[in-house]
Amino acid sequence: MVFEHLAAIFIDKFLGNYIEDIDSHQLKLHLWAGDIILENVHLKTNTLNDFNVPLEIITGYLEKLRIHIPWKHLYTHPTKIELDGFYLLVTPKTDVNYDVERKEKEEYESKMKQVQKVEEFRRERELFGSIIAFYYLFLFYLFYF
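Taking UniProt numbering as reference, the numbering of the sequence shown is continuous, increasing by one, and the terminal residue is 145.
Dropping the structure here:
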């Protein structure tokens, strides 16, 4: 029961922005098997606000969320997340706010990523060129001296 309470606090910390408060009765832990099961979870109505989606959640409900962590094979097997009984009732937002600053920031970040990729390519090309030059210089000294 102590593990369930601690796990509920841990899960609430990471998923607390999206789901209503969970308690240890909604949580089942099978640690050695690698299973964490949440049952009867309600979604918060403001979950979609951070994603700038023109939808509003009226109600959201998840019957079962299962997370399977393969403890013995963490690097070779995937961690699986299964949703069972996911119900979501949404409506279009009546007051859609277009955030100009946010859009400009996203465009700026996208352009900066492209600039970084070009700079990275240029540095790699220069490095490759200097490696080739070193190789030819090495061959020159090897055969002529």
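Backbone N, C-alpha and C fix where the C-beta goes; we use that ideal spot for every residue, glycine too.
- Taking a cut-off of 8 Å on C-beta distances, the region 63-70 touches the region 83-95, as three or more cross pairs fall below it.
- Counting C-beta pairs closer than 8 Å gives fewer than three between the region 71-79 and the region 35-48, which falls short of the contact rule.
- For histidine 68 and threonine 79, the gap between their C-alpha atoms comes out near 6 Å.
- DSSP places glutamate 63 within a strand segment (E or B) once states are collapsed to three.
- Rounded to the nearest whole angstrom, the C-alpha separation of leucine 127 and tyrosine 135 is 12 Å.
- Between leucine 38 and isoleucine 22 the beta-carbon gap is near 6 Å, inside 8 Å, which marks them as a contact.
- DSSP places lysine 105 inside the alpha helix (DSSP H), whose first and last residues are 100-144.
- As a beta-bridge residue in DSSP terms, valine 90 pairs with Ile57.
- Residue pairing for histidine 5: DSSP places it in no beta bridge.
- Counting the other CB atoms within 10 Å of its CB gives alanine 133 a total below 16, which places it among the exposed residues.
- Rounded to the nearest whole angstrom, the C-alpha separation of valine 90 and glycine 16 is 20 Å.
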